[in-house]
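The structure appears right after this line, and notes come after that.
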Amino acid sequence: MIYETAPAKINFTLDTLFKRNDGYHEIEMIMTTVDLNDRLTFHKRKDRKIVVEIEHNYVPSNHKNLAYRAAQLFIEQYQLKQGVTISIDKEIPVSAGLAGGSADAAATLRGLNRLFNIGASLEELALLGSKIGTDIPFCIYNKTALCTGKGEKIEFLNKPPSAWVILAKPNLGISSPDIFKLINLDKRYDVHTKMCYEALENRDYQQLCQSLSNRLEPISVSKHPQIDKLKTIC
Numbered sequence: 001m002i003y004e005t006a007p008a009k010i011n012f013t014l015d016t017l018f019k020r021n022d023g024y025h026e027i028e029m030i031m032t033t034v035d036l037n038d039r040l041t042f043h044k045r046k047d048r049k050i051v052v053e054i055e056h057n058y059v060p061s062n063h064k065n066l067a068y069r070a071a072q073l074f075i076e077q078y079q080l081k082q083g084v085t086i087s088i089d090k091e092i093p094v095s096a097g098l099a100g101g102s103a104d105a106a107a108t109l110r111g112l113n114r115l116f117n118i119g120a121s122l123e124e125l126a127l128l129g130s131k132i133g134t135d136i137p138f139c140i141y142n143k144t145a146l147c148t149g150k151g152e153k154i155e156f157l158n159k160p161p162s163a164w165v166i167l168a169k170p171n172l173g174i175s176s177p178d179i180f181k182l183i184n185l186d187k188r189y190d191v192h193t194k195m196c197y198e199a200l201e202n203r204d205y206q207q208l209c210q211s212l213s214n215r216l217e218p219i220s221v222s223k224h225p226q227i228d229k230l231k232t233i234c
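If you count the sequence shown from 1, position 186 lands on 186 in the UniProt record's numbering, and the numbers rise without skipping.
This is the structure we're talking about:
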């Protein structure tokens, strides 16, 4: 039996630069993790089945679950003869932009690597995870980082100062792919990634707070005005 934690991530910045030929957006974002975690437990099975156990009925336990798909990918990649039971204690809200599904998938890759004594490096796991999710490479490492490309190019940065973070989610779910489809690249929106980068390098907490910006925010607010009301309350 193996345990893994899957921390939520938050974006300090997120910008979209252009639409790529593969259909994805070229992005530039700085992210870090927070002390809000899903907890996963892994057991070997005698058969080759993948079983995901989770209490919440609004979270799928089949191939729609990224942890399931990560296990499937790992078993195929390393030609394993046994399956796995994955138990997920879910604390990260779904459809909240906190990468809960990607964090679970990354934890699954790390957990199975240990469970089956494969010895793959984090770099190998990140490359494997990139096949099923753009946030998974970041979640493999769980560090503060500048992520570019589709999210798979990672430059580690200084950790931000320890601080309280308010995470508030309205009673609705927002699909990131749906929001990305609404981006108008001709419309200017200032994202302060360079300022954020420098703030982290200089450990300047005030400048870090001033740099917070996300190109997806105005689109999300226009679709769901209650987000703006919630921000005002917080």
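For glycine and all other residues, C-beta sits at the position ideal for the given N, C-alpha and C.
Keep in mind that this is a model prediction, so the values were computed, not measured.
Check, Outcome
"Completely contained alpha helix (DSSP H) runs for the stretch 128 to 189, where each covers 4 or more residues", "136 to 141, 176 to 181"
"Cβ pair residue 236, I132 closer than 8 Å", "The chain is shown only over 1 to 234; residue 236 falls outside these bounds and no answer can be derived."
"Buried versus exposed, by CB contacts within 10 Å (16 or more), I54", "buried"
"Paired residues, beta bridge with S213 - DSSP", "T13"
"Any 3 or more C-beta pairs closer than 8 Å across the stretch 174 to 186 and the stretch 143 to 161", "no"
"Beta carbon of V191 nearer than 8 Å to that of S220", "no"
"Alpha-carbon spacing of G97 relative to I174, whole angstroms", "8 Å"
"Extent of the continuous alpha helix (DSSP H) run through F74", "66 to 77"
"Outcome for I92 when other beta-carbon atoms lying within 10 angstroms are tallied against a minimum of 16", "buried"
"Touch test, the stretch 115 to 122 against the stretch 153 to 161, Cβ-Cβ under 8 Å, three pairs minimum", "no"
"Cα-Cα separation, D204 to T85", "44 Å"
"The stretch 56 to 66 / the stretch 21 to 39 touching (three or more Cβ pairs under 8 Å)", "no"
"Delimiting residues of the beta strand (DSSP E) encompassing N37", "25 to 44"
"CA-to-CA distance, N11 to K44, given in whole angstroms", "35 Å"
"Whole-Å CB distance - T32 paired with K9, under 8 Å assumed", "7 Å"
"Span of the alpha helix (DSSP H) around E201", "193 to 202"
"Endpoints, beta strand (DSSP E) assigned at D89", "84 to 89"
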